[in-house]
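Residue numbers (the UniProt record's numbering): 1 to 537.
Here you go:
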């Protein structure tokens, strides 16, 4: 075994690699994917204890490596057969196989001195009770009054279809070694086996592997598996990935895999990273519904909307149905999802409202109630001095705020507004010199619709920025949090000042807005806020 020592800055440093397990995990790469290898233990206490036994009296600073081999301390360094030449110690002792590797090879792979045989899925494993007792499943079996406690051959029933022989090989082998390499492609089956055998450490390691490898090809499988086996942190990670990527990186295969329950969670969330406006959420759902009903469709994402519209048109013509699609038998399962579309931000644009009428997907009473609500909101704005939200109501903001976004392909100067009538509040958004600025436009810039000339207008907003790598993982992100803002006519306000070192393009901008007060009974003489901008707790 190699032991290297060097002197410098008054410290005598011994660098050693040991066979014990470290407290903290480290990552190894396998097949181009990240796999998680977990180690536990206290190498420093072990080394200190061994060096005291070896008679080493000097104080030393020790470093432990990441590769685990065997190091034996049983005598002073001078008796270890080392030759000192200059500043380095050269060891001629033969490198021995680590205890962990020896145990794994001899006892598990070779099955030497086995005292029990496990039979499952047509395969046999010659194992040892003392190692199997690390599993809660086998520990209960052997310590109780079960008939298996005295059996030499145990047939193991596998009720979970996710478990295969490869997973059992990994799980049984984990009882004989310090670390386990889990491939992302096999993590679900290993998780299933670990849950069955009640191996908490391995379950946790599977969860970490899943969270590190969430992507377009794994997110649905990982979410479903995490739901089955109770890994809440993995479910949360998958939902976060979907909220960020469903609209920003639309994918045909992903839309085919997403079920009603998951898509409903995404559509109702105020954290959905919407690109463009709410109408694009409706359009994405239309494409998703078409793929659910036509899973054999195979084409480019750019052709998907045209084919979905053509399919809906053909269906209306052939069936001669006047009732909306969601009232039909094959459309009814999608009703809960479409209920979460924020229609008030679709009917405020003429072209979008006409598409809703043409598609005839939504029941007419849904639209009627929204038209009525928006009409009263407009009247309150014009005649009841409702100049916008002045009180913090985060719950209302999350459930009913306008969702919109924009992609900035490269650094430069941008200025835009989102389409739709927002009760005379013409908001211009500018990105320049790494500043994001809101401007309430009244007279300085042309506007296609009516503009409110009220001296002050109030606005609730949240602005988020994000950039992603090729797998859809966040590279960097910023958020203003929920804010209340008061703007006078043609007033500008710097919303965010960005650090150029953290910017990565393309950059995605996502905003939530609330232009009107959610309280219908607000007094007309409510006082104006004293400050121009406030944070919502």
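By construction, the Cβ of each residue, glycine as well, lies at the ideal position given by its N, Cα and C atoms.
Keep in mind the model is a prediction, meaning the values are calculated, not measured.
Local Cβ density within 10 Å of residue i, reported as buried at 16 or more and exposed below that
i: residue 275; result: buried
i: residue 370; result: buried
i: residue 435; result: exposed
i: residue 273; result: buried
i: residue 299; result: exposed
i: residue 457; result: buried
i: residue 55; result: With a pLDDT of 42 at residue 55, under the threshold of 50, the modelled position of that residue is not reliable, and the figure given next carries that caveat. It is exposed - the Cβ of residue 55 has fewer than 16 other Cβ atoms within 10 Å.
i: residue 389; result: buried
i: residue 433; result: exposed
i: residue 319; result: exposed
i: residue 441; result: buried
i: residue 375; result: exposed
i: residue 284; result: buried
Rounded C-alpha distance that separates residue i from residue j
i: residue 328; j: residue 305; result: 21 Å
i: residue 113; j: residue 221; result: 40 Å
i: residue 511; j: residue 464; result: 6 Å
i: residue 429; j: residue 377; result: 24 Å
i: residue 270; j: residue 162; result: 34 Å
i: residue 149; j: residue 121; result: 21 Å
i: residue 151; j: residue 141; result: 11 Å
i: residue 422; j: residue 297; result: 38 Å
i: residue 63; j: residue 211; result: Because residue 63 sits at a pLDDT of 35, beneath the cut-off of 50, its placement in the model cannot be relied upon, and the following sentence gives the value as read from the coordinates. Distance between the alpha carbons of residue 63 and residue 211: 30 Å.
i: residue 481; j: residue 177; result: 47 Å
i: residue 417; j: residue 509; result: 13 Å
i: residue 438; j: residue 196; result: 55 Å
i: residue 364; j: residue 326; result: 11 Å
i: residue 478; j: residue 498; result: 9 Å
i: residue 119; j: residue 139; result: 17 Å
i: residue 333; j: residue 144; result: 49 Å
i: residue 246; j: residue 496; result: 25 Å
i: residue 258; j: residue 189; result: 21 Å
i: residue 294; j: residue 286; result: 12 Å
Beta-carbon proximity check, residue i vs residue j, cutoff 8 Å
i: residue 361; j: residue 353; result: no
i: residue 165; j: residue 205; result: no
i: residue 379; j: residue 367; result: no
i: residue 445; j: residue 462; result: no
i: residue 244; j: residue 474; result: yes
i: residue 225; j: residue 191; result: yes
i: residue 202; j: residue 171; result: yes
i: residue 262; j: residue 223; result: yes
i: residue 426; j: residue 451; result: yes
i: residue 500; j: residue 476; result: no
i: residue 277; j: residue 337; result: no
i: residue 198; j: residue 137; result: yes
i: residue 216; j: residue 281; result: no
i: residue 228; j: residue 209; result: no
For residue i, the three-state DSSP class (helix, strand or coil)
i: residue 410; result: coil
i: residue 227; result: helix
i: residue 136; result: helix
i: residue 232; result: helix
i: residue 483; result: strand
i: residue 432; result: strand
i: residue 183; result: coil
i: residue 208; result: helix
i: residue 256; result: helix
i: residue 450; result: coil
i: residue 333; result: helix
i: residue 110; result: coil
i: residue 574; result: What the structure shows of the chain is the stretch from 1 to 537, and residue 574 is not part of that stretch, so it cannot be assessed.
i: residue 467; result: strand
Closest Cα partner of residue i within the set the options
i: residue 350; options: 373, 128, 252 and 279; result: 279
i: residue 392; options: 218, 157, 340 and 518; result: 518
i: residue 194; options: 230, 213 and 334; result: 230
i: residue 409; options: 468, 448, 390 and 454; result: 468
i: residue 291; options: 251, 160 and 413; result: 251
i: residue 403; options: 453, 125 and 266; result: 266
i: residue 386; options: 477, 345 and 486; result: 486
i: residue 413; options: 431, 442 and 107; result: 431
i: residue 443; options: 433, 424, 460 and 314; result: 424
i: residue 323; options: 295, 289, 333 and 359; result: 359
i: residue 453; options: 488, 437, 293 and 303; result: 488
i: residue 213; options: 155, 185, 460 and 199; result: 185
i: residue 506; options: 401, 341, 400 and 472; result: 472
i: residue 401; options: 219, 289 and 514; result: 514
i: residue 411; options: 254, 175, 502 and 189; result: 502
i: residue 396; options: 103, 516, 187 and 168; result: 516
i: residue 344; options: 175, 134, 420 and 239; result: 420
Near the ligand MN: residue i beta-carbon under 7 Å from a heavy atom
i: residue 279; result: Among the components modelled here there is no ligand, and therefore nothing to report on the ligand MN.
Neighbour flag for residue i against chain C, beta carbons, 8 Å
i: residue 157; result: Given the protein chain composition of this structure (a single chain), no chain C is represented.
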